[in-house]
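Engineer: Its first residue numbered 18, the sequence shown is counted upward by one per residue in this note's numbering. Ideal placement from N, C-alpha and C gives every residue a C-beta, glycine not left out.
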Amino acid sequence: MSTHPEKILASDSIQAAVNRRIRGYPEKIQASLHRAHCFLPAGIVAVLKQRPRLVAAGVQAFYLRDPIDLRACRIFKTFLPETRIMASVTFTKCLYAQLVQQRFVPDRRSGYKMPPPSHPQYRAHELGMKLAHGFEILCSKCSPHFSDSKKSVMTTSPLWAGFLESLKKNDYFKGLIEGSAQYQARLEMAKNYFQLSVNRPESSLALSPGEEILTLLQTTPFDIEELKKEEANLPPEDDDQWLDLSPDQLDQLLQEAAGKKEAEPISKKEEQNYDLTQVSESMKAFISKVSTHKGAELPREPSEAPITFDADSFLNYFDKILGPRPHESDSDDLDDEDFECLDSDDDLDLKTQGTGEEASLKGTLNDLKSYMAQMDQELANTSIGKSFTTQKQMEPLSQTTSNNSDEEDSGAGGSVMTPVDVDLNLVSNILESYSSQAGLAGPASNLLQSMGVQLPDNTDHRPTSKPMQD
């Protein structure tokens, strides 16, 4: 290994992936933190001042809760809602997102009442309520006598004996008589400190997060009034605009994770010159396609043209393989002339029948058009008719006179119905559906992409977030 170190090196792609993950650390850790205001019970504020890392356990307990865990949150026993104060809590961005994105309504019996969503501090109340539920769940999983059992095991360990001997040498007990009330109080504080600070995490005496929280509550005195005074000097919150990803930022993250070359974004000039008629024309082409038993067919590439089938060539090919067809029986009394006569009679019948069917079909279509025109006339003055966008200007009178006969047939009477702008309604409805998807997959985007149409981003509602940092 020392003489040939290059033989144990990983490939360039693996090294690049590892370097990309660790690039910028440990300085990059601060960029992964998020500071937010939370309306929390005073006990949780005191615990987080001593052990800020316990916020992770509280968030995970709330995020992974189940109905059994929520039974402990019907009536809070450890963190009462009456003691809530405003405090600043530092999360990682992952923990903050987990806490914010989940919708949760507290039990009425819990006492955690929420202000209306329009309240300026609604987010702080919501975060504090969720975090309090997580801490209450952690404490509910602890046995009521966990402290005594842990301490009884702890006092038998050699590590505790050495720690206690060191305290006596440094005059920790101040000459107090062993067994007195003051001596026992100091001894209890020493045991709690030993459990929290001296014990190794891998030791069998290590505390669970809930046990650590309860131990801190017992050993850390706090004054609610003093904590309330600190509300006026809280540091400002961090902006959580990073939660809103634009489609371009999402594509960038996906491309970085997949290791693909970044696609060129659509320029502003292309966005301004985008022709919306492409949407209506593509939709018309899609609707005009004749659907088969397999459903509507999307526009194909030239290389994806449908396969043609020639029945005559197929039968001739099988004739060559299987041999000629057997001759017809000689018992047939009809000769070729008879067949010709029959064929001519059939042709006449078919022509007569075809003419009658064509006339009947034409009459049916005219009746259908008349019914549709009458329905349009009746719906024009209803809320449904008014919901459509109509043409702003009517055609000149010279052009509309040719359509008077159709209006009379439809039973419109003397009123002239403003024609509906089909293209404008089509484009506006598709854009409204596309905008309501908020960048997610949906029917509008799927339909447009299947037809080869890619809409630019909506710059009016694009989040004004700062560019992403590596």
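#1: Going by beta carbon distance, what residues of the same chain come within less than 8 Å of THR100, once the five residues before and after it are set aside?
#2: Spatial neighbours of THR20 within its chain, please: CB distance less than 7 Å, with the 5 preceding and 5 following residues excluded, ordered by chain position.
#3: For the beta strand (DSSP E) containing ILE102, list its first residue and its last residue.
#4: Are the CB atoms of GLU153 and THR232 nearer to each other than 8 Å?
#5: Please classify LYS186 as buried or exposed, where buried requires at least 16 other C-beta atoms within 10 Å of its C-beta.
#6: Closest to ALA249 by CA distance: which of SER105, LEU443, ALA34 and ALA73 is it?
#7: Taking C-beta to C-beta, are SER450 and ALA461 nearer than 8 Å?
#8: Short of 6 Å in beta carbon distance, which residues of its chain neighbour PRO98, apart from the five on each side in sequence? Order them along the chain.
#9: Rounding to the nearest angstrom, what Cα-Cα distance links SER467 and ASN36 in this structure?
#10: Please state the DSSP three-state secondary structure of HIS136.
#11: In terms of residues, what are the limits of the beta strand (DSSP E) holding PRO264?
#12: Cα separation between LEU65 and LEU71?
#13: Ordered along the chain, which non-local residues of its own chain (more than five positions away) have a Cβ less than 6 Å from that of ASP86?
#14: Using the DSSP secondary-structure output, state which residues sit across from PHE180 in a beta bridge.
#15: State the DSSP-derived secondary structure class of CYS90, mapped to helix, strand or coil.
#16: Compute the Euclidean distance between the alpha carbons of SER330 and ASN463, then round it to the nearest angstrom.
#17: With DSSP as the reference, label LEU50 as helix, strand or coil.
#18: Just checking my contact of HIS150 with CYS90 at CB under 8 Å: how many whole Å lie between their CB atoms?
#19: Count the other C-beta atoms from every protein chain shown that fall within 10 angstroms of the C-beta of GLU229, then say buried if there are 16 or more, exposed otherwise.
#20: Assess contact between the region 133-144 and the region 37-56, defined as three or more Cβ pairs (one per stretch) separated by less than 8 Å. Is contact present?
#21: Quick one: any contact between the region 263-274 and the region 109-119, if contact means 3 or more CB pairs under 8 Å?
#22: Going residue by residue through the region 438-474, where are the continuous alpha helix (DSSP H) segments of at least 4 residues, counting only ones entirely within it?
#23: In whole angstroms, what is the alpha-carbon distance linking PHE79 and ASP255?
#24: Less than 6 Å between C-beta atoms, sequence neighbours within five positions excluded: which residues of the same chain meet that for MET131?
#25: Give me the Cβ distance between THR107 and ARG52, rounded to the nearest whole Å; I'm assuming they're in contact under 8 Å.
#26: So what's PRO58 in DSSP terms, helix, strand or just coil?
#27: Rounded to a whole number of angstroms, what is the C-alpha to C-alpha distance between SER387 and GLN394?
#28: Are the beta-carbon atoms of LEU244 and VAL76 separated by less than 8 Å?
#29: Just to confirm, is the Cβ distance from TYR200 to PHE190 under 8 Å?
#30: In whole angstroms, what separates the C-alpha of LEU193 from that of GLU205?
#31: Short check: CB of ASP438 to CB of THR407, under 8 Å?
#32: State yes or no: is the C-beta of ALA202 within less than 8 Å of the C-beta of LEU184?
#33: If distances are taken between C-alpha atoms only, which option among GLN118, GLU182, LEU181 and GLN454 comes closest to LEU260?
Structural biologist: Quick look at the numbers:
#1: PRO58, ALA59, GLY60 and ILE241
#2: none
#3: 101-109
#4: no
#5: exposed
#6: SER105
#7: yes
#8: GLY128 and TYR129
#9: 38 Å
#10: coil
#11: Not the beta strand (DSSP E): PRO264 falls in the alpha helix (DSSP H), residues 264-275.
#12: 7 Å
#13: ILE154
#14: DSSP output for PHE180 lists no bridge partner at all.
#15: coil
#16: 40 Å
#17: strand
#18: 5 Å
#19: buried
#20: yes
#21: no
#22: 439-453 and 460-467
#23: 22 Å
#24: HIS142
#25: 5 Å
#26: strand
#27: 11 Å
#28: no
#29: yes
#30: 14 Å
#31: yes
#32: no
#33: GLN118
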